[in-house]
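Residue numbers (the working numbering): 10 to 166.
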């Protein structure tokens with residue numbers, strides 16, 4: 010019985026070592042460096058294994074790259090849409106308030122007590138929440154008056 014058990018253990022150990030040797034060999038083969046041609050052919054084609062890539066495939070891929078590369082360079086990049094709501098400057102706010110006859114002060118870009126009072130009056134007159142801050146709803150109503158003076162000047166000519 011001991012001999013039978015010993016033979017079983019030796020067979021298992023032998024199979025284990027033989028299996029590990031094959032795994033190490035396969036891992037070594039997979040770690041071989043690939044050339045740039047092989048990599049580009051593998052990435053561009055339908056993900057063929059490197060052993061399946063032929064020299065003719067590489068030439069075909071290079072031809073495709075040469076044809077498509079200029080078209081890709083000609084594409085114009087469009088700017089990303091702004092993230093979040095638009096935040097107007099204090100000058101834009103004062104201009105809109107002045108054009109809507111809620112602000113009589115100077116357009117100086119400073120958010121002082123006169124500007125705040127004008128914002129509150131504008132909000133009250135337009136049925137908005139009166140908080141003295143120009144949020145998205147207030148700016149939506151106010152932005153109509155930013156270019157009113159410029160439009161009127163053009164119409165008078």
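Beta carbons are placed, not taken as given, at the ideal position from N, Cα and C, and that holds for glycine. If you're wondering where the values come from, they're calculated on a predicted model, not measured in any experiment.
Can you give the beta carbon distance from residue i to residue j, rounded, assuming they're within the 8 Å contact cut?
| i | j | result |
| --- | --- | --- |
| residue 103 | residue 95 | Contact doesn't hold; Cβ gap of about 16 Å is too wide. |
| residue 139 | residue 97 | Not really, about 18 Å apart at Cβ, beyond 8 Å. |
| residue 141 | residue 125 | 5 Å |
| residue 114 | residue 123 | 5 Å |
For the alpha helix (DSSP H) containing residue i, name the first residue and the last one.
| i | result |
| --- | --- |
| residue 108 | 99-108 |
| residue 111 | Premise fails: residue 111 is in no alpha helix (DSSP H) and is neither H nor E. |
| residue 122 | 122-134 |
Under three-state DSSP, which class holds residue i?
| i | result |
| --- | --- |
| residue 167 | The requested residue 167 is not part of the displayed model; the chain covers only 10 to 166. |
| residue 76 | Bear in mind that the predicted position of residue 76 carries a pLDDT of just 49, short of 50, making it unreliable; the figure below should be weighed with that in mind. Residue 76: helix per DSSP, three-state reduction. |
| residue 19 | helix |
| residue 137 | coil |
| residue 95 | coil |
| residue 11 | helix |
| residue 119 | coil |
Between the Cα of residue i and those of the options, spot the shortest distance and give me the residue it belongs to.
| i | options | result |
| --- | --- | --- |
| residue 153 | 123, 107, 19 | 107 |
| residue 156 | 105, 11, 117 | 105 |
| residue 132 | 18, 24, 151 | 151 |
| residue 130 | 117, 110, 145, 149 | 110 |
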